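In this note's numbering, the protein residues as written are 2 to 375. No residue lacks a Cβ here, since even glycine has one placed at the ideal position from N, Cα and C. Computed from a prediction, not measured in an experiment: that's the story for all the values here.
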């Protein structure tokens, strides 16, 4: 089997060029023009950033990608799915407000913003996962599955549960509906926080299995013998009274992310870009960002998201550690060097589990050839 090609360019921009032009040249050299985009809907999956966090990708990069898609005759839109946790992106209205606040508007990016799983995160497509260990049928935001072509534009950074967040994290977790995110994050079934329940019955109206009942005080409870763990009650609750306390172990989470990625990518053209910059220790879902743990590296692109993540991780691990960062604090406090920046940053994680499983189920290869362009 031939090695996958991963294309790379650094962040140097001498007079006569700029980073946006370099990104577009990277995409074209990597072969994005080989995809027939004429009159096709093209989903560009990006993380809009939780307001308060400043390490997310600038909207200028999204515009550069959208402009290439339009040049090739495609009809691009920026997209993400609603979050499972309580924050500024848990429903489509707040999510779009957050995206606009962070600069992702049709005027700045040249394309529309669509929240793929709808108003409350319940608009999903059920997608079979061939060869899945934990996931047999993934719950993916419908607008993402309705697109003809899929592009991921990822900010490569650390992550407290998966080691790092790159292309596969952006695809698998990011494209899951709220119920899909629950399936990945949690192994059990949801519960009701009684003190937060308002007795509005919205959860019961969205339960197809009659699992929700109400006390004399109009407080909801869930019968786990009837509950199938679909998570629709979480999306239906406007008061954040329903949650799932049963977090999956990190290795299982990484495997599920790979399986959700397969559901998103199978059967249609796809292309992937990762920018290794502002490499914060935690996810852009945080409403803050800590100092970068390594210097900026560059921009990467490939048709193979597994090879792309592997190349980005390898490039990061060749970088020096930044002083006055969480990574430096971790090594000083724990005095245990795993010779891997992401495991040192969050020692209970192993990012290789996701990539190894993704390779096993046929998403791509961890073996790659790095092609550098100027």
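Can you pull the DSSP bridge partners for residue i?
i           : result
residue 81  : 116
residue 127 : 140
residue 243 : 193
residue 300 : 10 and 276
residue 145 : Answer by DSSP bridge pairing: none, since residue 145 is not bridged.
residue 371 : 7
residue 221 : 215
With DSSP collapsed to three states, give me the class of residue i.
i           : result
residue 34  : helix
residue 161 : coil
residue 226 : coil
residue 57  : coil
residue 76  : strand
residue 105 : coil
residue 155 : strand
residue 28  : helix
residue 365 : coil
residue 360 : helix
residue 87  : coil
residue 110 : helix
residue 48  : coil
residue 135 : coil
residue 181 : helix
residue 167 : coil
residue 339 : coil
residue 256 : helix
Taking Cβ positions, are residue i and residue j nearer each other than 8 angstroms?
i           : j           : result
residue 181 : residue 140 : yes
residue 280 : residue 361 : no
residue 43  : residue 149 : yes
residue 370 : residue 23  : no
residue 48  : residue 175 : yes
residue 66  : residue 36  : no
residue 226 : residue 273 : no
residue 234 : residue 204 : yes
residue 249 : residue 186 : yes
Just to confirm my understanding: we take residue i, look at its own chain, exclude 5 residues before and 5 after, and list those with CB closer than 6 angstroms. What are they?
i           : result
residue 117 : 80, 82, 142, 144 and 145
residue 128 : 139, 141 and 264
residue 1   : A query on residue 1 cannot be resolved here, the shown segment of the chain reaching from 2 to 375 and no further.
residue 40  : none
On the premise that residue j lies in contact with residue i, defined as a C-beta separation below 8 angstroms, what is that separation, rounded to the nearest angstrom?
i           : j           : result
residue 350 : residue 260 : Actually they are not in contact, since the Cβ atoms of residue 350 and residue 260 sit about 18 angstroms apart, beyond 8 angstroms.
residue 55  : residue 290 : 6 angstroms
residue 299 : residue 98  : Actually they are not in contact, since the Cβ atoms of residue 299 and residue 98 sit about 32 angstroms apart, beyond 8 angstroms.
residue 167 : residue 178 : About 21 angstroms; that fails the 8 angstroms criterion.
residue 356 : residue 373 : Not confirmed; about 22 angstroms, so no contact.
residue 285 : residue 102 : Not quite, the Cβ-Cβ distance comes to about 14 angstroms (not below 8 angstroms), so this is no contact.
residue 255 : residue 354 : 4 angstroms
Spatial neighbours of residue i within its chain, please: CB distance less than 7 angstroms, with the 5 preceding and 5 following residues excluded, ordered by chain position.
i           : result
residue 320 : 295, 296 and 298
residue 359 : 169, 259, 262, 307 and 365
residue 38  : 70, 73, 74, 75 and 150
residue 327 : 282, 291, 294 and 346
Short of 8 angstroms in beta carbon distance, which residues of its chain neighbour residue i, apart from the five on each side in sequence? Order them along the chain.
i           : result
residue 34  : 73
residue 206 : 237
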